[in-house]
Amino acid sequence: MKLLQGRIGGQEAACMLAIPVIVGCLFTMRSADAYAGANSTYLWVPLSVLLSLGGALWALRCMRRTQQDDLCGLYVCALGRWGGGMALLLLAALLFLQGFFVLSAFVGAMRSYIYIRSAYVPILLWIAAAAGYVAWGGLERVSRTAKCLGGFLALMLLLELLAPLRGYALYRLYPFSETMLTDVAGHALRQSAVALSPLLCALCFTGVQKGSRRSVLLAAALAAALLTMLAQLAISLAYTGEQLRGMFMPLYRLKMILIDEDYFLLQDKLGIFLWLVGAILSVGFALYGSGYLYCRALAMRDVRPPLLAGSALLCAMTYWKYEGLYSWFERMQAWVGVNGWWFVWVPALLACALAPLRAKKAERAL
Amino acid sequence: MKRALLALCAAALAFCGGCLGALPVDEYGYIQSIGVDKGESKPYAYSFLMQDEAAAGAEGSGEGAGSVVLCAEGATVFEAIAAMVSGLPYNLNFTRVSTVFFSEEVARAGGVTDFIAISQEAMRMRNSTKFVVVQGSAGEYQGQLQAVNSPNLTKTLRGMMQDYKMEGILPVINYALFVEAVETGRFDPVLSLGAIDESIEPRKKEGAEKTDPDDTTGGTVRKGGMRAYAMGAALFDGVRMVGVLSGEETKYLLMARGELGQTYITYVAEDGTRLSVGLSLRKKPRVRLWAEETPRAEVEIHLNCEIDMDTSGSAKTRWEALEPGLRAYVQRALGRVFESCRSLNCDAMGFGKAAARTLREQGAWERYAWKEKYPALQAQFTVNMRLADRNIEGATE
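Residue numbers (this note's numbering), protein chains in the order written: chain A, 526 to 891; chain B, 2 to 398.
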């Protein structure tokens with residue numbers, strides 16, 4: 526077995542999960558959709574994380590009730606070998622796509638804001654190589670790197686949010702959308718795929734310390750919900766919904782609202798490098814996680830071939846996005862943003878609903 | 002040890018990027034500011050103040066060591082850039098543009114929106130780029146700025162920020178706020194106003210001390226200093242410039258907007274004594290607005306006062322007698338400035354922000370049509386003053 530899992534503790538697992546959730550919720554949302562109604566991302570983004578937490582905790586509870594070691598077992602128990610494998614493949618695909626969205630967002634951002642006249646390929650290879658290195662080390666490398674840098678990244682994010690404090694204004698939150706409640710609920714549900722897929726993926730890892738799974742999920746999701754709420758609130762206090770709709774990566778432009786940038790001038794360029802570290806960890810996690818799920822779905826014993834294929838596919842997709850198929854990939858991202866939640870919620874809910882029934886039936890048969 | 006090494010490697014990533022598709026520094030021409038004037042053969046004439054160390058001391062570079070002004074006409078800024086780069090050995094880079102100067106003629110014709118509609122994203126300019134309106138030629142204004150041996154605009158901008166924060170005679174707005182004002186309609190843009198003082202010649206003529214009658218210094222004669230100066234505010238109704246405020250009026254505008262850092266006013270008391278009073282905001286103004294058919298607003302402003310002339314000790318005993326007159330004077334001035342702005346249909350004080358808060362819902366805000374109601378707005382200003390002069394306190398204790 527070369528699934529490159531090893532053993533990781535609760536803190537490592539929590540950091541490993543929180544970083545992709547935060548990065549996904551801050552950098553991969555399409556502004557045109559996210560700010561279509563009014564400024565309400567500070568409500569529905571954390572809500573989506575909490576919703577995902579609820580889903581993951583329910584899955585964990587079902588795993589315990591049906592005495593399954595991991596989520597893969599729960600899926601197989603509830604949906605059968607074929608159905609469970611399909612559910613795992615869907616989860617792997619969604620996780621992989623999230624890694625792609627993060628990678629392509631950062632390649633685009635680095636090209637737009639830092640290396641203005643550079644080609645996309647060297648930027649892509651530079652980021653992908655680092656992400657690949659993290660992923661190829663397996664679960665231990667991903668999680669321990671995340672633990673090393675998680676606190677530092679969270680602190681830097683908070684400092685980045687505090688820097689433009691003078692420019693924030695409450696009136697930018699107004700006026701509210703008339704359909705705010707339904708908008709918030711709809712967006713939260715659709716966005717929940719971003720947080721739910723890493724959380725469910727963590728339940729598939731057998732290398733995570735078993736007794737701490739619940740606290741890992743709680744710590745990761747609550748930290749992610751808090752930080753994403755603060756970041757999205759800061760964005761909403763800095764720019765109006767009208768402005769945000771056409772803005773790529775608004776967090777990068779947070780300090781530019783200040784009349785007097787003073788010593789914050791050009792620090793946004795430093796900030797993007799810090800977030801890039803988080804992005805590399807997120808892509809590394811997505812690569813490893815999707816490769817691992819692929820192995821579990823197809824009963825493969827070596828994660829390295831899917832990892833190699835996944836890395837190459839990720840690079841190829843990002844290359845093609847910026848070298849000719851940009852609008853196609855943008856449409857795909859929009860479609861996944863709207864419909865992706867079905868692919869992760871439906872199998873999870875089915876498994877949670879059916880597994881206890883199947884388990885009881887099996888007990889009775891015995 | 003491993004963690005430290007990992008953190009070091011992660012930090013080192015930030016320094017690795019420079020090798021990607023490396024371009025020598027001298028392949029870029031960094032533009033520091035852009036001037037937009039009305040063109041003769043094309044709609045606009047663009048001038049670009051460019052940092053160029055090679056130009057220092059070169060023949061024809063003028064007094065502006067380290068910078069040159071490039072000019073070209075075009076229907077859009079890109080047309081002008083295309084015309085210019087054909088004669089330059091490097092590429093122009095706009096990421097360091099700190100200020101865009103618009104001539105008053107362009108601003109009054111609504112040309113600012115022509116510029117921002119296409120330029121900011123495509124040219125990679127920062128959202129924090131400052132916008133300034135210039136009475137006269139924006140190109141000439143830039144030329145005057147570079148003619149005081151300042152190879153970049155940093156010092157000039159620092160001076161403008163000083164005037165904004167410490168004197169209150171100049172508003173400052175950046176691209177992000179301008180776009181917000183234009184797109185959301187919750188307030189109207191107010192830009193810094195620059196001008197060239199014709200009395201200050203590069204080669205000074207005998208007895209040349211007159212100022213431009215249209216200047217914004219309120220008739221105060223300047224001697225020496227830069228020909229290009231900035232004082233007062235350019236008022237906009239949406240995207241079009243509609244009027245100006247003098248430096249003195251700008252103090253009250255900033256006071257009502259809650260942006261005043263500190264300013265000084267001259268007040269003649271009832272007994273004929275002339276006082277110099279330092280004013281600063283104690284807290285943000287409180288605006289209450291009733292979004293009715295004829296909107297009403299009450300603005301409560303809390304000020305700290307320093308009386309510079311009476312620091313010998315008598316001010317505290319006179320304060321109670323002085324305060325009502327001074328308060329009424331400031332309230333009248335605020336009312337006058339509000340009337341000036343309202344008559345131009347310019348919501349410079351940002352009452353629309355309070356209206357949006359009052360109306361709460363998007364549909365209600367759109368149905369109310371704030372800008373149509375704004376000319377009928379009745380605003381009342383209430384000023385509270387507190388003597389806050391440590392010199393006086395110390396002297397009277």
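Glycine residues also receive a C-beta, built at the ideal position from the N, C-alpha and C atoms. Remember, it's a predicted structure, so these values are computed and weren't measured experimentally.
task = Starting from Tyr47 of chain B, trace the beta strand (DSSP E) both ways and give me its first and last residue.
result = For the purposes of this step, residue 47 of chain B is taken as the residue at position 46 of the second sequence. Element bounds for Tyr47 of chain B: Tyr45 to Gln52.
ask   = How would you label Asp429 of chain B, buried or exposed, when you count the other beta carbons within 10 angstroms and need 16 or more for buried?
value = Since the first residue shown for chain B is 2 and the last is 398, residue 429 of chain B is missing from the structure and cannot be characterised.
key: Between the CA atoms of Ala644 of chain A and Lys206 of chain B - distance to the nearest angstrom   = Here residue 206 of chain B is taken as the residue at index 205 of the second sequence, counted from 1. Here residue 644 of chain A is taken as the residue at index 119 of the first sequence, counted from 1. Any reading at Lys206 of chain B must be qualified, since the residue scores a pLDDT of 40, below 50, and its modelled position is unreliable; no value is offered.
ask   = With DSSP run on the structure shown, which of helix, strand or coil describes Arg821 of chain A?
value = By 1-based counting over the first sequence, the position of residue 821 of chain A is 296. Here Arg821 of chain A sits in helix by DSSP.
inquiry  = For a test of the three-state rule: what should DSSP assign to Arg636 of chain A, helix, strand or coil?
reply    = Within the first sequence, numbered from 1, the residue matching residue 636 of chain A stands at position 111. Arg636 of chain A falls in the helix class under three-state DSSP.
message = Counting only Cβ-Cβ distances shorter than 7 Å, please list the residues of the segment 822 to 856 of chain A near chain B, keeping chain order.
response = none
key: Validate contact between the segment 753 to 765 of chain A and the segment 665 to 672 of chain A using beta carbons, cut 8 Å, 3 pairs   = The answer is no - the segment 665 to 672 of chain A does not touch the segment 753 to 765 of chain A, with fewer than three Cβ pairs under 8 Å.
query = By the criterion of Cβ-Cβ separation under 7 Å, what are the contact partners of Trp366 of chain B in chain A?
reply = Looking up residue 366 of chain B in the second sequence gives position 365. Residues of chain A passing the Cβ test: Pro700.
ask   = Going by Cα to Cα distance, which pick from A:Cys729, A:Leu649 and A:Pro700 is closest to Cys840 of chain A?
value = What you label residue 840 of chain A is simply residue 315 of the first sequence in a count that begins at 1. The residue with the shortest Cα to Cα distance from Cys840 of chain A is A:Leu649.
ask   = Which bits of chain B does Arg778 of chain A rub up against, with CB to CB less than 7 Å?
value = The residue labelled residue 778 of chain A in the question sits at position 253 within the first sequence. The answer, in chain order, is Asn128.
key: Extent of the continuous beta strand (DSSP E) run through Met347 of chain B   = The residue given as residue 347 of chain B occupies position 346 in the second sequence. The sequence shown places Cys at residue 347 of chain B, not Met. Premise fails: Cys347 of chain B is in no beta strand (DSSP E) and is neither H nor E.
Cys673 of chain A to Ala8 of chain B span [Cα, whole Å] = Walking along the first sequence from the start, residue 673 of chain A turns up at place 148. Walking along the second sequence from the start, residue 8 of chain B turns up at place 7. The straight-line gap from Cα to Cα measures roughly 7 Å.
inquiry  = Using only the alpha-carbon positions, how far apart do Arg1 of chain B and Met167 of chain B sit?
reply    = Beyond the ends of chain B as shown, which are 2 and 398, falls residue 1 of chain B; an answer cannot be given.
inquiry  = By the three-class DSSP mapping on this structure, what secondary structure does Glu74 of chain B have?
reply    = Residue 74 of chain B sits at position 73 when you count from the first residue of the second sequence. Here Glu74 of chain B sits in strand by DSSP.
message = Under 9 Å, Cβ to Cβ, is there at least one residue of chain B near Leu576 of chain A?
response = Mapped onto the first sequence, residue 576 of chain A falls at position 51. Answer no: the Cβ-Cβ gap between Leu576 of chain A and chain B never drops below 9 Å.
request  = Compare the beta carbon distance of Gly711 of chain A and Ala557 of chain A with 9 Å and say whether it is the shorter of the two.
outcome  = In the first sequence, residue 711 of chain A corresponds to position 186, counting from 1. In the first sequence, residue 557 of chain A corresponds to position 32, counting from 1. No.
message = For Val331 of chain B, which residues in the same chain have their Cβ closer than 6 Å to its Cβ, ignoring the five residues on either side in sequence?
response = Taking the first residue of the second sequence as position 1, residue 331 of chain B is located at position 330. Cβ neighbours of Val331 of chain B beyond the five flanking positions: Val384.
query = What does a CB cutoff of less than 7 Å around Phe701 of chain A pick up in its chain, not counting 5 residues either side in sequence?
reply = Against the first sequence, residue 701 of chain A aligns to sequence position 176. Cβ neighbours of Phe701 of chain A beyond the five flanking positions: Ala563.
request  = Using a cut-off of 8 Å between C-beta atoms, extract the partners of Thr670 of chain A located in chain B.
outcome  = Taking the first residue of the first sequence as 1, we reach residue 670 of chain A at position 145. By Cβ distance, chain B contributes Leu7.
query = Met781 of chain A touches chain B at which residues, Cβ-Cβ below 7 Å?
reply = Along the first sequence, one-based indexing puts residue 781 of chain A at 256. Those are Arg127, Asn128, Ser129 and Ala177, listed as they occur along chain B.
ask   = With 16 as the cutoff for other CB atoms within 10 Å, does Lys948 of chain A come out buried or exposed?
value = What is shown of chain A runs 526 to 891, which leaves residue 948 of chain A out entirely.
inquiry  = Considering Cα atoms alone, identify which of B:Gln379, B:Ala108 and B:Leu89 is closest to Leu236 of chain B.
reply    = Within the second sequence, numbered from 1, the residue matching residue 236 of chain B stands at position 235. Checked all of B:Gln379, B:Ala108 and B:Leu89; the closest Cα to Leu236 of chain B is B:Ala108.
Proximal residues of chain B, C-beta to C-beta of Glu767 of chain A below 7 Å = Numbered from its first residue, the first sequence carries residue 767 of chain A at position 242. Within 7 Å Cβ-Cβ: Glu184 and Thr185.
inquiry  = Quick check on DSSP: helix, strand or coil for Gln592 of chain A?
reply    = Here residue 592 of chain A corresponds to residue number 67 of the first sequence, with the count starting at 1. Three-state result, Gln592 of chain A: coil.
key: 6 Å Cβ shell around Gly633 of chain A - same chain, five flanking residues per side excluded   = Within the first sequence, numbered from 1, the residue matching residue 633 of chain A stands at position 108. Answer for Gly633 of chain A: no residue qualifies.
ask   = What is the DSSP secondary structure of Gly186 of chain B, counted as helix, strand or coil?
value = Stepping through the second sequence from its first residue, residue 186 of chain B is reached at position 185. It is coil, neither helix nor strand.
message = Quick check: the Cα distance between Ile197 of chain B and Gln52 of chain B, rounded to an integer number of angstroms?
response = Residue mapping note: residue 197 of chain B aligns to position 196 of the second sequence, counting from 1. Residue mapping note: residue 52 of chain B aligns to position 51 of the second sequence, counting from 1. Taking the straight line joining both Cα atoms gives about 22 Å.
query = The alpha helix (DSSP H) spanning Ile760 of chain A covers which residue range?
reply = Position 235 of the first sequence, counted from the first residue, corresponds to residue 760 of chain A. Taken as a continuous stretch (DSSP letters only), the alpha helix (DSSP H) holding Ile760 of chain A covers Arg738 to Ala763.
query = Which of the three DSSP states, helix, strand or coil, is assigned to Met554 of chain A?
reply = Here residue 554 of chain A refers to the residue found at position 29 when the first sequence is read from its first residue. In the structure shown, Met554 of chain A sits in coil (DSSP, three-state: anything other than H, G, I, E or B).
7 Å Cβ cut-off: residues of chain A touching Arg361 of chain B = In the second sequence, the residue the question calls residue 361 of chain B occupies position 360. Residues of chain A passing the Cβ test: Tyr699, Pro700 and Phe701.
inquiry  = Please report whether the beta-carbon of Ile641 of chain A lies at a distance below 9 Å from any beta-carbon of chain B.
reply    = To locate residue 641 of chain A, count along the first sequence from 1; it is residue 116. For Ile641 of chain A, the answer is yes, since a Cβ of chain B falls inside 9 Å of its Cβ.
query = What are the boundary residues of the alpha helix (DSSP H) that Arg889 of chain A is part of?
reply = For the purposes of this step, residue 889 of chain A is taken as the residue at position 364 of the first sequence. Unbroken alpha helix (DSSP H) run through Arg889 of chain A: Tyr851 to Ala890.
request  = Kindly indicate which residue of A:Leu568, A:Ser573, A:Leu721 and A:Asp793 has the alpha-carbon position closest to the one of Phe868 of chain A.
outcome  = Translated into the one-based positions of the first sequence, residue 868 of chain A becomes position 343. Nearest C-alpha to Phe868 of chain A: A:Leu721.
task = Assuming Ser99 of chain B contacts Gln145 of chain B (C-beta within less than 8 Å), just tell me the rounded distance between them.
result = The residue given as residue 99 of chain B occupies position 98 in the second sequence. The residue given as residue 145 of chain B occupies position 144 in the second sequence. Not a contact, Cβ separation roughly 16 Å.
request  = Check the Cβ of Glu786 of chain A against every Cβ in chain B and list those closer than 7 Å, keeping chain order.
outcome  = Reading the first sequence from its first residue, position 261 is the one you call residue 786 of chain A. Those within 7 Å of Glu786 of chain A in chain B are Ser129.
inquiry  = Does the structure place the segment 801 to 811 of chain A close enough to the segment 646 to 663 of chain A that three or more beta carbon pairs sit under 8 Å?
reply    = yes
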